[in-house]
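Under my numbering, the very last position in the sequence shown is 612; numbers go up by exactly one each time.
Written out below as structure tokens is the structure these notes cover.
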Amino acid sequence: MAPAPRSWLSPRRWSRPLLALATPVLLALSAPGGAAPWLLPFSLAPWAYVARRGGRGAFALDYAVGMVLQLLWVYWIAAVSGVGLVITVVVEGLLFPLVGACLRGPLARWPLALALPFAWTGWEYLRGVWPLDGFPWLLLGNGAAAFPPLLALGAWVGVAGATMLCAASAGALAELAAAPAERRARGALALTALAWLVALSAGALRPSPAVEPGPAIVVVQPGVPQAVKREHAALDVFAGNLALTREALLSAEALLEGGLQAALLGAPFAPSVPAPFRAPALGERELRELAPRFGPELVAWAESMLLWLRPGRPEERGYRRGELAELLEDRDRRFDELFRAGWLAGGELAERGSSFWCGQVVAVRGESAAFEERNAALLFDRALGHRPSARYDKRKLVPGGEYIPFLEALPFSEQISGAIRGAAGYLPDLAPGERSAALELARRGSDGVWRIGAAVCLDNAYEDVFREATGLGADLHLVVSNEGWFAGSVEQEHMLGFSAWRAAESARSVLRATNTGITALFDPTGRETRRLRDAAGRDRDVPGWMWTRVPLARETTAYTTAGWWLAPLVASALFLFLFARGALALMTRVDRRRNASEARSAEEKTETAQAR
1 MAPAPRSWLS PRRWSRPLLA LATPVLLALS APGGAAPWLL PFSLAPWAYV ARRGGRGAFA
61 LDYAVGMVLQ LLWVYWIAAV SGVGLVITVV VEGLLFPLVG ACLRGPLARW PLALALPFAW
121 TGWEYLRGVW PLDGFPWLLL GNGAAAFPPL LALGAWVGVA GATMLCAASA GALAELAAAP
181 AERRARGALA LTALAWLVAL SAGALRPSPA VEPGPAIVVV QPGVPQAVKR EHAALDVFAG
241 NLALTREALL SAEALLEGGL QAALLGAPFA PSVPAPFRAP ALGERELREL APRFGPELVA
301 WAESMLLWLR PGRPEERGYR RGELAELLED RDRRFDELFR AGWLAGGELA ERGSSFWCGQ
361 VVAVRGESAA FEERNAALLF DRALGHRPSA RYDKRKLVPG GEYIPFLEAL PFSEQISGAI
421 RGAAGYLPDL APGERSAALE LARRGSDGVW RIGAAVCLDN AYEDVFREAT GLGADLHLVV
481 SNEGWFAGSV EQEHMLGFSA WRAAESARSV LRATNTGITA LFDPTGRETR RLRDAAGRDR
541 DVPGWMWTRV PLARETTAYT TAGWWLAPLV ASALFLFLFA RGALALMTRV DRRRNASEAR
601 SAEEKTETAQ AR
């Protein structure tokens, strides 16, 4: 008698998908900003258990898990583009079915503790570099930024080491759940535990890099809502930043961080200011007299804070080169009048011997001699009259937000451009920078310089931007960012996790200067040491400023020297293995067909001979 069909409400029908869908929930909870980072090593286990067993609809279930995870991770993209969110979910959700196919196919005989980190790391690496600039948003190991011993592995193998450890532990747990009595499952769990012990010991025993005091920097966070910033209210934005900067420069904290503590004590700088000296009893007059001697070496504003320096609206692209050049020259004159001569060279920063750093959109001549718009970070060095002395152009642009991929190759590109311009108010058409940069900042009281590795917003997610800047001699990294588009979302916490890994990998402090938050400092071990908060403890969507003297380390990590080698190595081994397995399967199939054909031919010959 045939078994009765299962009811739609049958627990057996829904047990597999519900168990598999526990993984995206666990990953969301253990990602940076999640409520339970300790769940990270176990988060892939429920899905891996289901994926290895396969069954009807396995690929579709894996794809559903991947898309749900992307929704939980990047739901905030909808604040900018619903279409962009759909594309991201559909494309990036493919990671799970690709890994699942490996677990059930070519790696089916491997222990999950080995197969899962091998397949996951390989496909995750490919997702991070292709297509376009890839999508390295929240690699599995990023959540390990909350665990200092794992974070310390960044100096050796980067975030890929944490990814492999977490995937291995999840695989071992899944295999143990599937076959608790098998010796292989218990052995895999024991080997994974040993790998964790070695990794945690290596991280815990690795000595923290020796640090020395670096430049005193004040970071200004204007807290400007993106809706206001999009109106191009440049003078209002400038006025708000300027008021906060003046407040910071005349604060008691400015004097302490700028060096007054050392002057009072006759002692070298100490990162933690003793309580009795945190608020000297000085009036406004004394503050104004002392401020020029103990001002910051650098004042940093956030990304694209100088909006009037845009080289023109998209329709101005049709100007002849001479006319556009005249337009830009006129805007340069306005900049000199309103900004450089009025404040930098002739005002507060000049009095305090401070340089200035800010993000802005600039116009530069490209290879074709035409003007290109680029999202840049500029340094206005006091030693050079506060003129733009060095510039870094953002390398990693946001698809759909800063450029439209393959727009010119699409049919009806002009109509598409017009529709985008009508909906967004502008056409995303920025050009990327070609290289990383370590911009030189003149040191106060000496002929030396500080070298600052520059990054703008999404650059923060790409290790190569920071690794290459460190190789160019960067003493610290400064990230300017505008995350007001995603106010109140977990996106800002994700960016903090990236910064922690970039600091640990390079053994260089990472200072974040943001428009609406989160503004923070990470020391050379990746530990967060400062965060801008208001009096109520809020760190987002609030105006304020943060003084800090950045700690510097001089050591060169193995990761800076060797680069991002672990993930590419695993990916190369995986794809070579898959290719070899595919080629072997193809040759086996051809041989079987040939043998079958030869057997049929021999039978036909035999039958023919017998008939004769």
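By construction, the Cβ of each residue, glycine as well, lies at the ideal position given by its N, Cα and C atoms.
Linking P106 to S572 through their CA atoms gives a straight-line distance of about 15 Å. If you look at V570, you'll find it in the alpha helix (DSSP H) that goes L566 to A611. Going by beta carbons, E491 and W76 fall inside the 8 Å limit.
Taking each of L69, A216, A35 and T23 in turn and checking the Cα distance to V50, the smallest one comes out for T23.
Counting of Cβ neighbours within 10 angstroms places N241 among the buried residues, the total reaching 16 or more.
A direct Cα-to-Cα measurement between A108 and L165 gives close to 20 Å. Taking a contact to require three or more Cβ pairs closer than 8 Å, the stretch 374-383 and the stretch 449-466 qualify as touching. M305 sits in coil when the DSSP states are folded into three classes, being neither helix nor strand.
Under DSSP, H477 forms a beta bridge with G453 and V510. According to DSSP, E440 shares a beta bridge with R451.
Around the beta carbon of F498, 16 or more other beta carbons sit within 10 angstroms, so the residue counts as buried. Listed in chain order, the non-local C-beta contacts of M67 below 6 Å within the same chain comprise V89 and G93, local neighbours out to five positions each way being set aside. An exposed status is given to K605, since fewer than 16 other beta-carbon atoms sit within 10 Å of its beta-carbon. Fully enclosed alpha helix (DSSP H) runs of no fewer than 4 residues occupy 22-30, 45-53 and 58-74 of the stretch 16-91, in order along the chain. DSSP places P296 outside both helix and strand once states are collapsed to three, so it counts as coil. Excluding five sequence positions before and after L472, the CB atoms of its chain that fall closer than 8 Å to its own CB belong to S436, A437, A438, R451 and G453, given in chain order.
Between R540 and A145, the alpha-carbon positions lie close to 20 Å from each other. Boundaries of the alpha helix (DSSP H) around F118: L112 to V129. Listed in chain order, the non-local C-beta contacts of Y125 below 8 Å within the same chain comprise A160, A567, P568, V570 and A571, local neighbours out to five positions each way being set aside. Contact check for G517 against V542 passes: the beta carbons are separated by less than 8 Å. Between R508 and L532 a beta carbon distance of about 20 Å is seen, past the 8 Å cut, so the two are scored as non-contacting. With 16 or more other Cβ atoms inside 10 Å of its own Cβ, Q221 counts as buried. The criterion of a C-beta distance shorter than 8 Å is satisfied by A155 and R206.
Y403 sits in a strand when the DSSP states are folded into three classes.
Taking all protein chains shown into account, A210 has fewer than 16 neighbouring C-beta atoms within 10 Å of its C-beta and is therefore exposed. Here L27 is not near H494, since their CB atoms are 8 Å or more apart. Listed in chain order, the non-local C-beta contacts of R581 below 7 Å within the same chain comprise P106, local neighbours out to five positions each way being set aside. Looking from the CA of V219, the closest CA among R246, L197 and G203 belongs to R246. Leaving aside the five residues that flank A115 on each side, the residues in its chain whose CB is nearer than 6 Å to its CB run, in chain order, L103 and L107.
Contact between the stretch 192-205 and the stretch 594-604 is absent: fewer than three C-beta pairs spanning the two stretches fall below 8 Å. Our two residues, W547 and V479, have alpha carbons roughly 16 Å apart in a direct line.
Restricting attention to V86, F147, L98 and G100, the CA atom closest to the CA of A36 is found in F147. The shortest C-alpha to C-alpha distance from S481 to any of G353, G34, V465 and L511 is the one to L511.
In the DSSP assignment, P213 falls within the unbroken beta strand (DSSP E) covering V211 to Q221. By the neighbour-count criterion, in which a residue is buried when 16 or more other Cβ atoms sit within 10 angstroms of its Cβ, N595 is exposed.
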